[in-house]
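Going by the numbering used here, the letters in the sequence shown line up with residues 413 to 686, in that order. Ideal Cβ positions, reconstructed from N, Cα and C, are used throughout, including at glycine. Predicted, not measured: the structure shown is a model, and the values here were computed from it.
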Amino acid sequence: MHSPLIVVPRDAVNSFIARGGDMQAGYIAYSLLLAIFPFLIFCVSLTGLFIGVDRSAEAVGVLFDFAPPYLAKVLEPAVVDVLARSHSLFTLFILVAIWAAMRGVEAINRAFDGIYGERDGGVWVLRKTKALVTVFLSAIAAVVLGLSILLAPGLILMIEEFTQVEIPTNITLMRYAVGIVVFYCLIWSLHWFLPSNHAEGFTRWPGAAFTTVSWLGMATGLSIFLANWGRYSVTYGALAGIVITMLFLYFSAAIILLGAELNAALQRYRKENA
């Protein structure tokens, strides 16, 4: 009997290829590319409800600390420029963000249904509702992450004054720790919430953990490559930022789908060796 450490990942990769996972990842990346900029504006609007419009951009800007440098370099100036001009287009941005993000979520939904063995795809209204809920929850998660990091120093100071105990903290380490936990919880929630059968009978955490670790590795590796060997600006010129963003989203989508394939492959292995 071969080790599951070999059999399960190999089965997951083979299934990913057989299902056309690369094409599914491409469609998801395209939908996310349409959604990501208006989605950030949406997050600014949502944050403004809690701390005011003046500081909302600051909270969302904190999120760029987690983004790979090449992604932040493309998106942050554009977001700042829109915020500096007018808030009258926020409603339009919100509608575009919801529409585009829902398309990406529905693509993940259909891919998860195929991976987790749900063939009918669920009721149309239910799929749309799930996509809409996922978009709002993702926005709330992003806002909570930004606010928690932005307000963390003040909260720590209040706790220290109240308890008279000095809390040893490393703000940078805390930022990344919170970001990783929120990202993992979001991915795990997608594996439970999006499939029509809620991935019943499947262990969800291996795929979520794989996605979290692989995404961090991918983002770091791509950053190192572009910083040292990438000559994309020469090749693509003014489109370089868009191309790099598209590549990042494509790899991210592929990693999410591979995480689901890993869960399904693990379940098949258990059944075959029960």
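Beta carbon of Phe595 nearer than 7 Å to that of Gly671: no
Buried/exposed call for Gly629, threshold 16 Cβ in 10 Å: exposed
Proximity below 7 Å, CB of Glu612 to CB of Phe428: no
Residue from His603, Ala676 and Gly633 whose Cα sits closest to the Cα of Gly529: Ala676
Backbone secondary structure at Val545 - three-state DSSP: helix
Phe660, buried or exposed, once every other Cβ within 10 Å from all chains shown has been counted against 16: buried
Supposed contact pair Leu446 and Ala551 - C-beta distance, whole angstroms, cut 8 Å: Contact flag wrong, Cβ pair sits at about 16 Å.
Asn521 classed as buried or exposed, judged by whether at least 16 other C-beta atoms fall within 10 angstroms: buried
Assigned exposure category for Leu538 - 16 Cβ within 10 Å defines buried: exposed
Residues near Cys455 in its chain [Cβ-Cβ closer than 7 Å; skip 5 each side]: Val472, Ala551, Ala554 and Val555
Limits of the unbroken alpha helix (DSSP H) element including Val425: Pro416 to Ala430
Residue of Ala666, Arg682, Leu678 and Gln679 minimising C-alpha distance to Tyr435: Checking the displayed sequence, the identity of residue 435 turns out to be Met instead of Tyr. Per the Cα distances, Ala666.
Buried versus exposed call for Pro489 [16 or more other C-beta atoms within 10 Å across all chains shown]: exposed
Sub-7 Å separation of Ala441 and Tyr681 beta-carbons: no
Collapsed DSSP secondary structure at Gly529 in the structure displayed: coil
Whether Val545 touches Met514 by CB criterion (7 Å): no
Reduced DSSP category for His603 - H, G, I as helix; E, B as strand; rest coil: helix
Length of the line joining the Cα atoms of Gly653 and Glu684: 46 Å
Range of the contiguous alpha helix (DSSP H) that encloses Arg680: Ala652 to Glu684
Ala631 vs Trp600 beta-carbon contact at 7 Å: no
Terminal residues of the alpha helix (DSSP H) in which Phe622 lies: Trp617 to Asn640
Cβ neighbour criterion (16 or more within 10 Å) applied to Phe637: exposed
Reference Ser608, options Leu678, Val625 and Ala523, closest by Cα: Ala523
Per-residue burial, Ser664 [other beta carbons within 10 Å of its own, 16 or more giving buried]: buried
Which listed residue (His610, Val655, Phe605 and Gly591) has its alpha carbon closest to that of Val625: Gly591
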